[in-house]
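Everything below concerns the one structure shown next.
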Amino acid sequence: MKTRILMAGVVVAAISAFSLTAKAQGQPAIKVVPGMEKNTVKLIYGYDKNETVEVSFLDKTGTISTERIKAKNFNRGFIKKYKIQRDQYDALWIEVKSNEVAVTYKLIAPTDGKWMAQLEKATYNYPTVALR
């Protein structure tokens with residue numbers, strides 16, 4: 078039980094640190110990092126908005142799969158692990174979309190089983206404000 082509480086604290090601290098660092102640098106608080114196991118990646122979503130997040134995997138021909146993560150499933154961001162079949166794809170992208178931000182990461186095929194991600198595009202959708 079203590080281990081789970083400690084791990085939850087570490088996750089909250091990591092999400093907060095990513096969010097603060099990203100805001101200071103003008104980068105999105107969405108990261109894709111290599112997983113601990115071979116052929117896995119972790120998606121870290123560091124926004125605490127109450128909205129649905131759409132995660133899509135794409136290859137050269139188009140969308141492979143799409144997952145919608147509902148806001149009720151996370152309160153202050155989330156971390157999700159994905160397993161990737163290395164031999165099926167030579168080029169892969171992860172696209173993460175919410176109401177305010179959309180990012181695209183290119184996954185670079187591993188030589189040692191660890192996928193590397195490179196940010197290709199970040200788009201911010203700011204709400205329109207009208208003055209009278």
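No gaps in the numbering here: position 39 of the sequence shown is 116 in our numbering, and each next residue is one more. Idealized CB from N, CA, C, for every residue including glycine. This structure is a prediction, so every number in the text was calculated from the model and none was measured.
If you follow the beta strand (DSSP E) that residue i is in, where does it begin and where does it stop?
i, result
"Pro105", "Per DSSP, Pro105 belongs to no beta strand (DSSP E) and is neither H nor E."
"Val118", "117–122"
"Ile161", "No beta strand (DSSP E) contains Ile161, which DSSP labels as neither H nor E."
"Glu172", "169–174"
"Met113", "Looking at the DSSP string, Met113 is not in any beta strand (DSSP E), and its letter there is neither H nor E."
"Val180", "178–185"
"Thr200", "193–201"
In angstroms, rounded to a whole number, what distance separates the CA positions of residue i and residue j?
i, j, result
"Trp192", "Thr117", "7 Å"
"Lys79", "Leu208", "52 Å"
"Val132", "Lys126", "16 Å"
"Val178", "Tyr203", "8 Å"
"Gly190", "Val110", "13 Å"
"Ile121", "Val206", "30 Å"
"Asn176", "Ala148", "12 Å"
"Thr200", "Val180", "6 Å"
"Leu169", "Leu184", "5 Å"
"Glu172", "Phe134", "6 Å"
"Glu197", "Lys119", "17 Å"
From the DSSP secondary-structure annotation, give me the bridge partner or partners of residue i.
i, result
"Met78", "For Met78, which the question treats as bridged, DSSP gives no partner whatsoever."
"Ser142", "Phe134"
"Phe155", "Tyr122"
Step through the CB atoms of chain D and report whether any lies within less than 8 Å of the CB of residue i.
i, result
"Ile141", "Protein chain content of the structure displayed is limited to a single chain, and chain D is not contained in it."
For residue i, is the classification buried or exposed, using 16 other Cβ atoms within 10 angstroms of its Cβ as the cut-off for buried?
i, result
"Ala194", "buried"
"Gly139", "exposed"
"Ile82", "exposed"
Any heavy atom of the ligand ATP inside 7 Å of the beta-carbon of residue i?
i, result
"Ile141", "No copy of the ligand ATP occurs in the structure displayed, which carries no ligand at all."
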